[in-house]
Amino acid sequence: MKLAIVCYPTYGGSGVVATELAMHLADRGHDVHMVSYEIPFRMDRFRPNLMFHAVDVGDYPLFRYPPYTLNLTNKLIEVVEEHGVEIIHSHYAIPHAASAWMARQVLREKEPRKDVKLACTLHGTDITLVGRERGFYELTRFAMNHQDLLTTPSAWLSAETDRHFGTKPGTVRAIPNFVDLERFKPDPTKAARQCLAPDDYKVITHVSNFRPVKRVDEVVRAFAVLRRHHKAVLALVGDGPELPKAEHLARELGVRGDLRILGQQKPEPILQASDLFLLPSRAESFGLSALEAMACGCPVLGYAAGGLPEVVEDGVTGLLCPEGSDLCLGTLAAGLLSDEPRYQAMRLAARARAELFAAGPIVDQYERALLALLVQQSASAG
516 MKLAIVCYPT YGGSGVVATE LAMHLADRGH DVHMVSYEIP FRMDRFRPNL MFHAVDVGDY
576 PLFRYPPYTL NLTNKLIEVV EEHGVEIIHS HYAIPHAASA WMARQVLREK EPRKDVKLAC
636 TLHGTDITLV GRERGFYELT RFAMNHQDLL TTPSAWLSAE TDRHFGTKPG TVRAIPNFVD
696 LERFKPDPTK AARQCLAPDD YKVITHVSNF RPVKRVDEVV RAFAVLRRHH KAVLALVGDG
756 PELPKAEHLA RELGVRGDLR ILGQQKPEPI LQASDLFLLP SRAESFGLSA LEAMACGCPV
816 LGYAAGGLPE VVEDGVTGLL CPEGSDLCLG TLAAGLLSDE PRYQAMRLAA RARAELFAAG
876 PIVDQYERAL LALLVQQSAS AG
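Taking this note's numbering, the leading residue of the sequence shown gets 516, the next gets one more, and so forth.
This is the structure in structure tokens:
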């Protein structure tokens with residue numbers, strides 16, 4: 516299979532899943548071409564059959580903003596023609612799915628007998644937030660309806676797609692996100708802990724791209740509640756527009772000295788050193804960072820909303836607050852850390868739950884779904 520995978524390279528779940536999938540498929544012998552405006556931050560393994568193609572985002576005086584959708588379309592045409600790509604797999608609908616469709620239309624005009632298949636994995640805000648904006652809605656719906664395969668990481672997001680975009684029930688396939696269980700695993704030494712806090716402190720962690728949808732202010736508020744009961748630090752991993760606001764709020768609440776702002780880096784050593792993971796987003800399509808935390812034996816606290824309950828078992832691998840409970844997270848976190856037997860049982864259960872999302876079987880699902888497109892292509896050509 517010759518496959519182009521299109522994604523955002525930045526710190527976020529869609530780029531992580533796309534990049535990890537690309538590396539796993541390349542390990543299985545498929546020719547994989549990653550396409551983005553810079554190398555994805557998780558792309559740390561290279562193979563002769565795993566290539567990166569940078570989209571040239573020019574600075575044209577005529578345009579107020581760079582026409583990335585057009586630049587990406589042109590790059591996809593080039594990659595398909597030069598490398599014989601058979602499938603374009605877009606991760607995050609906007610603008611990737613639209614660019615993939617335009618590229619296919621151009622290629623069909625140039626060579627009618629050659630038909631590139633299109634797949635798109637929807638990741639959350641492309642459906643629940645951005646895609647529903649008036650300025651994007653019709654194009655998003657059109658692009659989705661012209662894909663040969665649509666997937667989401669959760670049943671919840673599949674249902675949201677059907678509800679808001681009118682896709683036929685059953686046409687959007689739910690394939691969960693996966694985790695590398697060797698990379699994300701408990702570390703009894705907790706090596707990174709000495710860099711974060713004294714031994715008698717708890718380490719509370721949040722990993723994200725710090726966009727408004729992540730509700731980082733609730734992370735800080737929850738930590739401030741917990742801090743009244745336990746010595747603790749709050750490790751913030753990642754970067755984004757809400758980070759300065761989080762820092763300001765921490766100062767207002769008197770906990771700025773307990774923040775550890777760590778920037779964009781590999782999260783696994785931090786997660787291995789963490790006691791709890793906070794994820795207060797109310798519309799998390801899956802919660803990949805929560806899964807990675809659980810794989811490290813770290814219980815997760817969040818809200819019973821979106822796709823997160825499909826990952827975190829409330830009361831077993833973490834704790835989920837009802838929506839609208841403003842100070843619930845901090846209270847639950849403080850209570851859990853005060854109940855050592857329950858906490859230790861939850862750590863073990865978190866790892867066991869994460870093992871159900873091992874990469875191998877889930878990459879199998881992607882591989883079968885993508886290969887089926889080529890079988891359809893051969894049948895229609897015959």
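Glycine included, every Cβ here is placed at the ideal spot set by N, Cα and C.
Alpha carbon of residue i to alpha carbon of residue j, nearest angstrom
i    : j    : result
L587 : G833 : 40 Å
A689 : T666 : 5 Å
L749 : L622 : 51 Å
R656 : D854 : 48 Å
P759 : V740 : 20 Å
E596 : G573 : 22 Å
K683 : W616 : 20 Å
G528 : H638 : 8 Å
A849 : L816 : 11 Å
D900 : P581 : For the chain, the structure presents residues 516 to 897; residue 900 sits outside this window and is missing.
F556 : Y526 : 7 Å
A874 : V694 : 5 Å
C522 : D732 : 28 Å
Q880 : K705 : 34 Å
P856 : Y552 : 48 Å
A537 : P524 : 13 Å
Where the beta strand (DSSP E) through residue i begins and ends
i    : result
Y818 : 815–818
D546 : 546–551
F792 : 791–794
T666 : 664–667
G833 : 833–836
I602 : 602–606
Limits of the unbroken alpha helix (DSSP H) element including residue i
i    : result
T846 : 843–852
C710 : 708–711
K729 : No alpha helix (DSSP H) holds K729; DSSP gives it neither H nor E.
V770 : Looking at the DSSP string, V770 is not in any alpha helix (DSSP H), and its letter there is neither H nor E.
M516 : No alpha helix (DSSP H) contains M516, which DSSP labels as neither H nor E.
L786 : 783–787
M617 : 611–625
M558 : M558 -> no alpha helix (DSSP H), and no H or E assigned at all.
Cβ neighbour criterion (16 or more within 10 Å) applied to residue i
i    : result
K600 : It is worth fixing the name first, because residue 600 is Val in this sequence and not Lys. Looking at its Cβ environment, which holds 16 or more other Cβ atoms inside 10 Å, V600 is buried.
L844 : buried
Q662 : buried
D559 : exposed
F578 : exposed
K781 : exposed
V890 : exposed
C710 : exposed
L751 : buried
H604 : buried
Whole-Å CB distance - residue i paired with residue j, under 8 Å assumed
i    : j    : result
H745 : L886 : With a Cβ gap of about 51 Å, H745 and L886 do not count as contacting.
The ligand FMN heavy atom lying under 8 Å from the CB of residue i
i    : result
L711 : The ligand FMN is not part of the structure shown, which contains no ligands of any sort.
Examine the Cβ distances between the segment 559–569 and the segment 784–792 and report whether three or more of them are shorter than 8 Å. The segment 559–569 makes no contact with the segment 784–792, as fewer than three CB pairs between them are under 8 Å.
Quick check: the segment 621–639 against the segment 544–553, are there 3 or more CB pairs under 8 Å? Flag = no, the segment 621–639 and the segment 544–553 do not touch.
Please determine if the segment 664–680 and the segment 821–835 are in contact, where contact requires at least 3 C-beta pairs separated by less than 8 Å. Between the segment 664–680 and the segment 821–835, the count of C-beta pairs closer than 8 Å reaches three or more; the two stretches touch.
Taking three-plus beta-carbon pairs below 8 Å as touching, is the segment 789–803 in contact with the segment 759–771? Contact fails between the segment 789–803 and the segment 759–771, because fewer than three Cβ pairs, one in each stretch, are under 8 Å apart.
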